[in-house]
Every structure is written in C-alpha cells, then in structure tokens.
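Chains as they are written, first to last, in this note's numbering: chain A, 1 to 188; chain B, 1 to 460; chain C, 1 to 144; chain D, 1 to 86.
Idealized CB from N, CA, C, for every residue including glycine.
Predicted model, so just to flag it, every value in this text is computed and none were measured.
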Amino acid sequence: MLNTSTKSPLPGDVAMWVLILAELSVFALLFLTYAVNRQIHPELFFNGQQQLHPIAGSIITIALLSASFFVALSVNLFKQQKSRRAAYAMWTAVSFGLVYLAVKSWEYQQLFDLDIGLSTDSFFTFYYLLTVFHLLHVILGLGLLCYVASKLLTSKWHEPNIMESIASYWHMVDLVWLILFPLLYLVH
Amino acid sequence: MKFQSQAVAKPYFIAAIVLFIGQIIFGLVMGLQYVIGDFLFPAIPFNVARMVHTNLLIIWLLFGFMGSAYYLIPEESETELYSPKLAIALFWIFLAAGVLTIIGYLAVPYATLAHITGNDLLPTMGREFLEMPTITKVGIVIVALGFLFNIGMTVLKGRKTAISMIMIMGQVGLAVFFLFSFYNPENLILDKIFWWWVVHLWVEGVWELIMGSILAFVLIKTTGVDREIIEKWLYMIIAMALITGILGTGHHYFWIGAPEYWQLIGSVFSAMEPIPFFMMTLFAFNMVNQRRREHPNKAAVLWALGTAVMAFLGAGVWGFLHTLAPVNYFTHGTQITAAHGHMAFYGAYVMIVLTMISYSMPMMRGRAAANSKASQTVEMWSFWLMTVAMVFITLFLTGAGILQIFLQRMGDSPQNFMVVQERIQIFYWLREAAGVMFFIGLMTYVASFFVKGKEATLKG
Amino acid sequence: MSEAFTKSMARNIFFGGSLFFFLVFVGLTIHTTRELPERDHRENINEMVVLGKKVWEDNNCIGCHTLLGEGAYFAPELGNVYTRFGNSKEAIKGFIMSRPVNGIPGRRSMPQFNLTEEELEGIAEFLKWTSEVNTANWPPNIQG
Amino acid sequence: MSKNTVLFITWVALIILTLIAVIVGESSLHISSTLLIVILVLGAIKAQLLVDHLMGLRYVAGPWRLALSLYSIVLFLIITLIYLLV
C-alpha cells in the first residue's frame, strides 16, 4: 500500500459484530441449502423464478444500497460533529428503506394474488423464508435508524459506539440482500 | 456465607442429591429391564420405572435450581432473603408433592392414579416428562409463584446485577413455559407442537439462562475476575442461546405433521445451537486462566470447567449429530436420541447444579471457603467417575442407535423392531455396566461430604 | 486492538435478539396452526378418537412406545402400527387384549391393561387417525 | 479525496454494477455458465465495495475486514461450484 495509513478501530461494538457474524452464518446456511436444492429441482426453481420481478428486485437493491450510502454518510457527518446534517442523511436513508418496504410488499401482493404461499413448493418456501426473514431484519434496522435519526436531531446526543453499531447492523442487512438478489432473481 | 438466609439453600441441595440417587437407582432398573425383559414385571413395568426416572430428574433439577437461586440471589443483591420461612414452607410443599407423586406411580396402576387424582376434570397426564397428576402440576405452579415472589422481592430491595436479573428471567421463563403443560388438546399434533413449548423452550431456552447465571456466579467467586467482563460474556452467551434456541424448536417439528418448511428452519437454526455452548467453554477456560486468586475449592472449579465442556459435548456436538433433517429422518426415535438426551442433561444441567452445590455447601456447613484436601480429592474422583461413566453410556447408546438404524431403517429388508432390539443387546449390557459405574461415582460423591480433615486454606 | 465491547450493548443484543426471534417463532407457529388442518385431517377426529387419546394417556403408553418418534424407545413405534398391522383395527385390539398378565418369561412384554371393548375401539381409532397424519412420509419404512 | 467523496463514488459504482448485473441476468432466459460467473463475480465485487467503504472496514485493525471479505467471496465461490458441478 502506498500510504501506510494508521489502523483505525473497529466501527461499532464487538457485541454487535458477534450478532452480525451469527446472522451472516444463518443466511449463509440458507443460501447454500437453496443452491443445493436448486440443483435437485432445477425446473421447479426455474418456473418459480419466472414468477418473480427482476425490475422490482433491482429497484430494491438500489434503494437498499442508497440507504446504506446515506447511513455511512450520516456516520461520517456525525464524526465531523455535524449532527444536524447527519440526522438529515439518516432520515434520507430511512426514506430509501421505506421505498424498499413499498416495493417488497408490492411483490408479495403479486404472489398472493397468484395464491402462492410459504408451502406452495420448495422454491417458494426458500423464497419466502429468505426474503421475509431479510424483511424483518430491515424493519428492525429501520426502527434503529429512526431512533438514531431522532436522537441526532433533538439533544446533544453523542454516542459513537451506538451510532456505529447500528450502522454496521444496517450494512450487514444490505450485504445479505446483495447476495440474495443475484441468487434468487438473476441466476435462472 | 455473607448472609444467613442463604442457608435456606441447604435443604434444597440435600433433597436434590437424595432424589438424584433415586433417579439413578431407577435408571439402573430400566437398564436391566432392557436386557432382562421381565425384570420386576409386572410389579414395576418399564413405563413406571421410566416415569420415576425422568420425573425424579426434573424434580431434583428444580430443587437444585431453586437452591442455587436462594444461595445466589441474596449474595448478588447484598441483602437478606425476603422470607426464609416462606422458602422453607415451599420446600416442604414441593418435596411432599414430589414424593407423593412418585409413590403414586409405584403404588397404583397409572390409570387408577389418573382416576383418583381427578384427571378427567382437566386431563394433562400421560405425556412424556409431564406424567405427574394435574393436581401436582398445580402444586408446582403454586410453589413456583411463591419462589418467584420470594426472590423477586429480595432483588427489588437489593442491588440489581446482571447475574441476578438473568437468574430471575430464567426462573420466570421456566414458570411461564410450564403453564403450557396444562394445554392438552384432543388433536395429537397440536398437543405435540405445544408440548415442545414446555420441553424444548425449557432445556434449550430458559434453562440456559439459569445455567449461565450460576456458572457466571461461581466463576466470579472462584476466579475473582472483574464482574464487568464476566457479565458481558454472559449476556453474549445467553443472547446466542436464545437466538439459536428459540427457532431451534423447529428440529422437533420435522416428522410430527407440521408443515415442511420447519425442516429448513429447524435444521439451520439448531445447527447453530452448539455455538453458545462453545462460547461457554471458551468463557469458562478464559476466566479460569485469567484468575486473580487461587480459590481453595478446587473441586468447584473442576465442576465449572467440566460443565462447560460436557454441555458442549452432550448438548452441542451430540445434538448436532442428529439435528439436520436428512439425518434426523433416520435417527428420529432411535437410541441416538437417548444418547444425546443422557449426555446433554448430565453435561448441561446435572453438572451445573453439582457445581453450585460443590461451591456453596462447604460454606453452608460452616467452613470458610472449601472442604478439606481429602474431601475435595474424593469429590474429584466422583467427578471423573460420573463424567467418564456418562461418556460411556452415551457412546454405547450411540453404537446401539447406529446399529438399530442400519438394521431397522436402512436397506431393502428392514427388520422388525423387537428383532433389532435383540440384535443390539450387547450395547445395552455395556450401557448397564457404565450405569453401575455412574452409580459408584454418585456414591463417591455422597461420601465426599462425610470425609473429615483440616480445611484447605485460602491462598492469595 | 481498541475495540469497544460494552455490557450495555451486549444486553441490548440479548433483549433485542431474543424478542425478535421469539416474535418470528410465534408468527411461524400461528402460520403452522393455520396450515395444520389439511395435514392432520382433524375432520376425522370423532369422539372415539378422542376417547382413544384419553386411553392412550391414562395408561401411559408413551412410557414404553414412541408415537411419531417421540416417547420411550423400549417398545415399537406406534405412529404407523395401523398400517403395519394390515390396516386392521381388529388386529390392534386383538393384540392388546391378548397380553399375558404375568408377561413372557425372559422377554420384554406389554402389561395387560384390562381395557373395556369401548376403550379398545377408541385406542384402535386413535392409532388409525394418527397413521393418517401427513408426517412428510416418516417413518422410513413399515417397521417404524 | 475526502471520506464523503469516496463514499459517493462507491455508491455510484454499486448502482452501476447492479444495473450491469440485471442487464446480464435478463439478457437470456436460461443463464449460460459464463453469464452465471459474470453475475456472481459482479456480486462479489459489490460485496467487497460495501465491506470496504460503506462498512468502513478498509483500514480496520484485526481480522474483521478479512472475515467479512472472505464471507462473501467464499459464499459466491461455493455457490458457483454447486451450480457448475452438481
């Protein structure tokens, strides 16, 4: 490396990172089981994937990526003691999260209209488990982001450890989607 | 002992050990019935011996947990127990309910016991681990409420530490999930699904909180490591325990009629269940390595480390052995399940209660911190005898299970259950021998309480 | 390595994590109870099946047998005994009735429970109903 | 370059890579193995960008960056092997 930059400390609390590693391993096990089952029933999975909407999927991916960008931006602004601007960045991230929720519920509505449920077939068991499980994590994450955003606006709140931990949690949720999206939507 | 009222735990621990002996005696009876089919038939048929064995286990572990709480909470809250008299009263009520139930199992046929105790009013009997009459179940709930009130009031008026809060959460969880034993629907499948809310959410949920808080308490006292570090680790361990354990219930829903998505959820989450036990082993060894003092009670430290390792082996490794759905399809309802059951119960819950007894009993019997060198040596002998015997029991039952699966479930000409049981008799003989070894270990453990000698001094 | 590892964060992870997963578990359990009817054919539960389950419990059959793989491992699995006995309730009732009071010398034996004709009919109905539950084609074969 | 601009560039790069992956993915009904590798490699790159810049692990001491980077790379690798070999 050109500049031997000084080593910075881990952003956020180790306790949160233990949770992040646990969540990532759960999703890894689910992804691997998905891949194996796809090879066992290739046409079932192919037909299942035809019901999905890649365009909606890509809007979701971009929304989550943008949310992650604004969360990271908010952390930077927070470190530069610009709490007010950090709060605005965080609320923007939350709004992108809401875009995700809207598009995701639209997608589920399409599937419910076709009477496709959790036990319809093996593909949709995986689809619903993976995406709903991820959705619940996003909802929990949005709750945390709203908490931080409101704290930033109101008092002289200065908790870098909590701020960075919540940001790392959100990035983990985005990382999971980054892997989930090509697997479920693109590779058919 | 900092507070006089902690001595209330003494009768609980004594009752626990006595009932433990009873449990192992009936374990030996059953072990013999596996190899000599008509042993004690029809006086004590296998199902009666089994009820006594499993219910004694649960009763004496509950005695152990309550005793541990009565010893731990006052010291953690730095105040006297709210009402020692209530604790003693509850002790006698619980002991009476337990002993009467066991006598009921042995004295009259089960159907008669059900009739006498009015099971028809609210039928909750006849289910594994919950065979006790409905009135005994009500008695247990009353004792639990009184117990929770007692320790709750103690904590309220005293210092609130993570350890005492986690102990209370575990005990409250235990009481709350026990209430599901009153739900016995006519639909067998619904009955089974919510039966697991009692059994699984106990042993892979709230009991891990109780176990964690006892282990943390003993480690703080024996190693002198800073409370902040120990409580941080404790929170992480029980967080992982509940995160993986709650959805881990799915590994019981594979073949009992529940939808098939449970095969995926159950396998994935229960595959992660060994992690909290692995963290607990790291935690125990780390704290002992970083100890700031040499505690004279070497036996208690050995029990604490042994608990962490055996819990990881029995509940973690042996659990993972048969938790994935494709594997469980063949091992479900075979001796593999029994092997896991034995080592998990001993490694996780029997040993943690013995750890607490080993740590607290010397002080409740008037010594400063530990028994004599001689007594501790005998106790350590009993530790190794019982633990090694349990490893053998588990290995022999695993062997029996593997052969059973091979003969009864695999291949194109699977054999009949009873024929297979004949073919695997050798493992049952070996298991009975290991059971006798365990019993010797238990007798050694009891003997260690009566070994005299000068008290080991408090060094450093 | 100046990582922060605070007890308060660990506590939050504990409370947040366990609550989150408990809610997910409750949600899945509710979904399961909605999907169960067409898997367990509860419409076939008549009063004989109910009596059969009561007889099963009052005589602690789970103390020796496994039912759908859960119970004691001393005696055969009974979840599919109806099919193993050739789909005949009479075979099941006959077997239970004919248990010798003093057992079989040197071998495991089922006690004589002296069940009434109605109780026998009930237990047979209950085992027939249990064998028709959709258990993801478990056990692996007829031996159970 | 200030931290915020690095973030901005990462964001734009991630969006572009996403669009490329979608175009590649939708180009044909049945994905050929080469297109499969392209998509999964794009996924791995995106994951690495996220871990390094958005998560901010680029210059962090300790095994954290390695662990997170390996996570996505190894996962994509195993999935590719499963898809190609099984």
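Quiz item: Tell me which same chain residues have a C-beta within less than 7 Å of the C-beta of Trp-202 of chain B, skipping the five on either side of it?
Solution: Taking the second sequence and counting its residues from 1, one reaches residue 202 of chain B at position 202. Result list for Trp-202 of chain B: Leu-174, Phe-177, in chain order.
Quiz item: Secondary structure at Thr-79 of chain B, three-state DSSP: helix, strand or coil?
Solution: Locating residue 79 of chain B in the second sequence gives position 79, where the first residue counts as 1. The answer is coil: DSSP assigns Thr-79 of chain B none of H, G, I, E or B.
Quiz item: What are the boundary residues of the alpha helix (DSSP H) that His-137 of chain A is part of?
Solution: Translated into positions along the first sequence, residue 137 of chain A becomes position 137. Its alpha helix (DSSP H) spans residues 122-153.
Quiz prompt | Arg-58 of chain D, buried or exposed, once every other Cβ within 10 Å from all chains shown has been counted against 16 | solution = Counting from 1 along the fourth sequence, the entry for residue 58 of chain D is found at position 58. By the neighbour-count rule (16 or more Cβ atoms within 10 Å), Arg-58 of chain D is not buried but exposed.
Quiz prompt | Contact with chain B by Leu-29 of chain A, beta-carbon distance below 8 Å | solution = The count along the first sequence starts at 1 and reaches residue 29 of chain A at position 29. In terms of beta-carbon proximity, Leu-29 of chain A lines the interface with chain B, with at least one pair separated by less than 8 Å.
Practice problem: Ignore the nearest five residues each way along the sequence and tell me which others in His-179 of chain B's own chain have a CB closer than 8 Å to its CB. | Solution: Your numbering for residue 179 of chain B matches position 179 in the second sequence. It should be pointed out that residue 179 of chain B corresponds to Leu in this sequence rather than to His. Apart from sequence neighbours up to five positions away, the residues of its chain that approach Leu-179 of chain B with a beta-carbon distance below 8 Å are Val-141, ordered along the chain.
Practice problem: Using a Cβ cut-off of 8 Å (strictly closer), state whether Ser-168 of chain A contacts chain B. | Solution: Numbered from its first residue, the first sequence carries residue 168 of chain A at position 168. Closer than 8 Å: no.
Quiz item: Distance, Cα to Cα, Ser-46 of chain D vs Leu-7 of chain D?
Solution: Translated into positions along the fourth sequence, residue 46 of chain D becomes position 46. Translated into positions along the fourth sequence, residue 7 of chain D becomes position 7. In the sequence on display, residue 46 of chain D carries Lys and not Ser. Roughly 13 Å separates the two Cα atoms.
Exercise. Measure the Cβ-Cβ separation of Tyr-445 of chain B and Met-386 of chain B and say whether it is below 8 Å.
Key: If you number the second sequence from 1, residue 445 of chain B lands on position 445. If you number the second sequence from 1, residue 386 of chain B lands on position 386. With contacts defined by Cβ atoms closer than 8 Å, Tyr-445 of chain B and Met-386 of chain B form a contacting pair.
Quiz item: So, is the C-beta of Asn-3 of chain A closer than 8 Å to a C-beta in chain B?
Solution: To locate residue 3 of chain A, count along the first sequence from 1; it is residue 3. Any reading at Asn-3 of chain A is ruled out, since the residue's pLDDT is 46, under 50, leaving its predicted position unreliable.
Quiz item: Is the stretch 45-57 of chain C close to the stretch 118-128 of chain C, with three or more CB pairs under 8 Å?
Solution: Yes, they touch.
Quiz item: Using the beta-carbon count (16 or more within 10 Å), is Ala-93 of chain A buried or exposed?
Solution: As a position in the first sequence, residue 93 of chain A is number 93, starting the count at 1. By the neighbour-count criterion, in which 16 or more other beta carbons inside 10 Å mark a residue as buried, Ala-93 of chain A falls on the buried side.
Quiz item: Which one or two residues does DSSP pair with Thr-66 of chain C in a beta bridge?
Solution: Mapped onto the third sequence, residue 66 of chain C falls at position 66. DSSP, once it has assigned bridges, lists C:Gly-71, C:Glu-77 as partnering Thr-66 of chain C.
Practice problem: Can you have a look at Ala-43 of chain B and say buried or exposed, based on whether 16 or more other CB atoms are within 10 angstroms of its CB? | Solution: Here the question's residue 43 of chain B lines up with position 43 in the second sequence. Ala-43 of chain B is exposed by the Cβ-count criterion.
Quiz item: Given Met-287 of chain B, which residues of its chain have a CB within under 7 Å of its CB, disregarding the five upstream and five downstream residues?
Solution: For the purposes of this step, residue 287 of chain B is identified with residue 287 of the second sequence, where counting begins at 1. Within its own chain, the residues whose Cβ lies closer than 7 Å to the Cβ of Met-287 of chain B, once the five positions on either side in sequence are excluded, are Leu-219, Thr-223, Val-225, Ile-230, listed in chain order.
Exercise. Go through its chain and collect everything with a Cβ distance to Met-30 of chain B's Cβ below 7 Å, but skip five positions before and after it.
Key: For this step, residue 30 of chain B is matched to residue 30 along the second sequence. Phe-46, Ala-49, Arg-50, His-53.
Quiz item: With burial defined as no fewer than 16 other Cβ atoms inside 10 Å of the residue's Cβ, what is the status of Leu-81 of chain D: buried or exposed?
Solution: For the purposes of this step, residue 81 of chain D is taken as residue 81 along the fourth sequence, with counting starting at 1. Exposed, by the Cβ-count rule.
Self-check item: Proximal residues, the stretch 16-39 of chain C versus chain A, C-beta separation under 7 Å
Solution: Listed in sequence order: Gly-17, Phe-20, Val-24, His-31, Glu-35.
Quiz prompt | Selected residue, minimal CA-CA separation from Ala-339 of chain B, among B:Ala-325, B:His-332, B:Trp-318, B:Tyr-349 | solution = To locate residue 339 of chain B, count along the second sequence from 1; it is residue 339. For the set B:Ala-325, B:His-332, B:Trp-318, B:Tyr-349, the Cα lying nearest the Cα of Ala-339 of chain B is the one of B:Trp-318.
Practice problem: For Lys-7 of chain C, go through chain B and note every residue whose CB falls closer than 8 Å to its CB, in chain order. | Solution: As a working note, residue 7 of chain C is residue 7 in the third sequence. Those are Ala-162, Glu-228, Glu-231, Lys-232, Tyr-235, listed as they occur along chain B.
Exercise. Give a yes or no on whether 8 Å exceeds the smallest Cβ distance from Gln-290 of chain B to chain C.
Key: Within the second sequence, the letter at position 290 stands for residue 290 of chain B. Interface with chain C (8 Å Cβ-Cβ cutoff): Gln-290 of chain B is excluded.
Self-check item: Whole runs of the beta strand (DSSP E) within the stretch 35-59 of chain D, excluding any shorter than 3 residues
Solution: Taking only runs of at least 3 residues, no beta strand (DSSP E) segment lies wholly in the stretch 35-59 of chain D.
Quiz item: So, helix, strand or coil for Glu-455 of chain B, using DSSP?
Solution: On the second sequence, position 455 is the one that residue 455 of chain B refers to. Strand.
Self-check item: At least three beta-carbon pairs within less than 8 Å, the stretch 31-41 of chain C to the stretch 277-296 of chain B
Solution: Judged by Cβ distances under 8 Å, the stretch 31-41 of chain C makes no contact with the stretch 277-296 of chain B, as fewer than three pairs qualify.
Quiz item: Roughly how many angstroms lie between the CA atoms of Leu-153 of chain A and Leu-144 of chain A, to the nearest whole one?
Solution: One-based indexing of the first sequence puts residue 153 of chain A at position 153. One-based indexing of the first sequence puts residue 144 of chain A at position 144. When rounded, the distance between both Cα atoms is 14 Å.
Exercise. Run down chain A in chain order and give the residues with a C-beta less than 7 Å from the C-beta of Tyr-261 of chain B.
Key: On the second sequence, position 261 is the one that residue 261 of chain B refers to. For the C-beta of Tyr-261 of chain B, the chain A residues within less than 7 Å are, from N- to C-terminus, Leu-118, Ser-119, Thr-125, Leu-129.
Self-check item: For Val-13 of chain A: DSSP bridge partner residues
Solution: Mapped onto the first sequence, residue 13 of chain A falls at position 13. According to the sequence provided, residue 13 of chain A is Asp. The question's Val does not apply to it. Partner(s): C:Ala-4.
Quiz prompt | Three-way DSSP call (helix, strand, coil) for Ser-168 of chain A in this model | solution = Translated into positions along the first sequence, residue 168 of chain A becomes position 168. Shown here, Ser-168 of chain A sits in a helix according to DSSP, grouped into three states.
Quiz item: Using a Cβ cut-off of 8 Å, which residues of the stretch 6-24 of chain A contact any Cβ in chain D, in chain order?
Solution: Along the stretch 6-24 of chain A, going in chain order, the ones with a CB nearer than 8 Å to a CB of chain D are Thr-6, Lys-7, Ser-8, Pro-9, Leu-10, Pro-11, Trp-17, Leu-21, Leu-24.
Exercise. Let me know if Val-198 of chain A comes out buried or exposed under the rule of 16 or more other beta-carbons within 10 Å of its beta-carbon.
Key: The displayed coordinates of chain A run from 1 to 188. Any statement about residue 198 of chain A would go beyond what the structure contains.
Exercise. Quick one: list the residues of chain B neighbouring Thr-33 of chain A, beta-carbon separation under 9 Å, in chain order.
Key: Taking the first sequence and counting its residues from 1, one reaches residue 33 of chain A at position 33. Here the neighbours are Leu-264, Ser-267, Val-268.
Quiz item: Per DSSP, which one or two residues make a beta bridge with Ser-105 of chain A?
Solution: As a first step, residue 105 of chain A must be located in the first sequence, where it is residue number 105. Here Ser-105 of chain A is not bridged, per DSSP, to any residue.
Quiz item: Using a Cβ-Cβ cut-off of 7 Å (strictly less than) and excluding sequence neighbours within five positions of Val-8 of chain B, which residues of its own chain qualify?
Solution: The residue labelled residue 8 of chain B in the question sits at position 8 within the second sequence. The residues are Tyr-70, Leu-81, Pro-84, Ala-87, Ile-88.
Quiz item: If we ignore side chains and look at the alpha-carbon of each, how far apart do Ser-25 of chain A and Glu-78 of chain B end up?
Solution: Mapped onto the first sequence, residue 25 of chain A falls at position 25. Mapped onto the second sequence, residue 78 of chain B falls at position 78. Going from the Cα of Ser-25 of chain A to the Cα of Glu-78 of chain B covers about 41 Å.
Exercise. Please confirm if Leu-219 of chain B has its CB atom under 8 Å from at least one CB of chain C.
Key: As a working mapping, residue 219 of chain B is identified with position 219 in the second sequence. At a cut-off of 8 Å between C-beta atoms, Leu-219 of chain B does not count as an interface residue with respect to chain C.
Quiz prompt | Start and end residues, alpha helix (DSSP H) containing Pro-37 of chain C | solution = Counting from 1 along the third sequence, the entry for residue 37 of chain C is found at position 37. Run containing Pro-37 of chain C: 37-40, per the alpha helix (DSSP H) assignment.
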